[in-house]
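The opening position of the sequence shown corresponds to residue 612 in this note's numbering, with each subsequent residue numbered one higher.
Working notes for the structure below.
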Amino acid sequence: MRHYEVIFIVHPDQSEQVPAMIERYSATVTGQGGKVHRLEDWGRRQMSYPIQKMAKAHYVLMNIECGQTELSELEHAFRFNDAVLRHLVVSMKKAETEASPMIKIIQREESRKLMPESPVASQVPA
Numbered sequence: 612m613r614h615y616e617v618i619f620i621v622h623p624d625q626s627e628q629v630p631a632m633i634e635r636y637s638a639t640v641t642g643q644g645g646k647v648h649r650l651e652d653w654g655r656r657q658m659s660y661p662i663q664k665m666a667k668a669h670y671v672l673m674n675i676e677c678g679q680t681e682l683s684e685l686e687h688a689f690r691f692n693d694a695v696l697r698h699l700v701v702s703m704k705k706a707e708t709e710a711s712p713m714i715k716i717i718q719r720e721e722s723r724k725l726m727p728e729s730p731v732a733s734q735v736p737a
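Quick look at the structure:
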């Protein structure tokens with residue numbers, strides 16, 4: 612079995628369907644002995660260029676280990692799902708299990724939102 616990194620972009624109007632899609636695609640991989648090493652839901656993010664006149668989309672990253680039949684089945688599912696705008700499958704030399712740089716950025720953004728403003732920044736000079 613080989614290791615792959617899979618990223619797929621979902622239509623922003625279908626964001627509520629993403630957990631079900633992740634479950635279905637994970638089941639496709641694990642159904643015949645494959646493994647999901649890393650699964651990251653990056654959420655709704657700005658795209659670098661518009662696709663179908665949309666500027667934002669929902670991003671999902673999966674690092675998987677599977678055979679060619681499971682990979683073909685997964686790509687077939689991506690192709691025939693209208694909610695999936697784009698997908699990319701890259702072959703990897705080994706399994707990636709640590710957090711991606713993108714998820715670290717997302718976590719940093721979320722921690723900044725949770726932090727209260729500093730008292731110096733909120734004071735208005737007299």
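Note that the Cβ used here is the ideal one computed from N, Cα and C, for glycine as well.
Cutoff 7 Å; reference residue i; Cβ partners in own chain excluding five residues on either side
i: P623; result: R655, M665, K667, A668 and H669
Unbroken beta strand (DSSP E) run spanning residue i, endpoints
i: F689; result: No beta strand (DSSP E) contains F689, which is instead part of the alpha helix (DSSP H) from Q679 to R690.
i: E627; result: Element bounds for E627: n/a, residue is neither H nor E.
i: G654; result: K646 to I662
Residue from the options whose Cα sits closest to the Cα of residue i
i: Y615; options: E681, A694, Q628 and I633; result: E681
i: A638; options: V700, A688 and M726; result: A688
i: G636; options: R613, P661 and S683; result: The sequence given here has Tyr at residue 636, not Gly. Nearest of R613, P661 and S683 to Y636, Cα basis: S683.
i: I717; options: P661, E651, H698 and M658; result: E651
i: Q628; options: S659, I618, I662 and V671; result: V671
i: K646; options: S659, W653, Q663 and C677; result: C677
i: M612; options: D693, P630, E634 and I675; result: I675
i: I633; options: P661, Q663, V695 and Y660; result: V695
i: I714; options: Q663, Q643, A631 and M673; result: M673
i: R649; options: E720, R723 and A706; result: A706
i: S702; options: D693, Q679, R723 and E720; result: Q679
i: D693; options: S722, Q663 and E720; result: Q663
i: Y660; options: R719, M726, R697 and V640; result: R697
First through last residue of the alpha helix (DSSP H) which encompasses residue i
i: M612; result: Careful: M612 lies outside any alpha helix (DSSP H) and carries neither H nor E.
Beta-carbon proximity list for residue i, same chain, < 6 Å, skipping 5 on both sides
i: L699; result: I618
i: Q643; result: E681
Same chain, Cβ closer than 8 Å to residue i, five either side skipped, listed in chain order
i: M658; result: I620, M665, A666, K667 and A668
Review point. Fully enclosed by the segment 688-718, which beta strand (DSSP E) runs are 3 residues long or longer?
Key: 695-703, all fully within the segment 688-718.
Review point. Between the segment 623-636 and the segment 709-721, do at least 3 Cβ pairs fall closer than 8 Å?
Key: In the pairwise beta carbon analysis, the segment 623-636 is classified as not touching the segment 709-721: fewer than three pairs are separated by under 8 Å.
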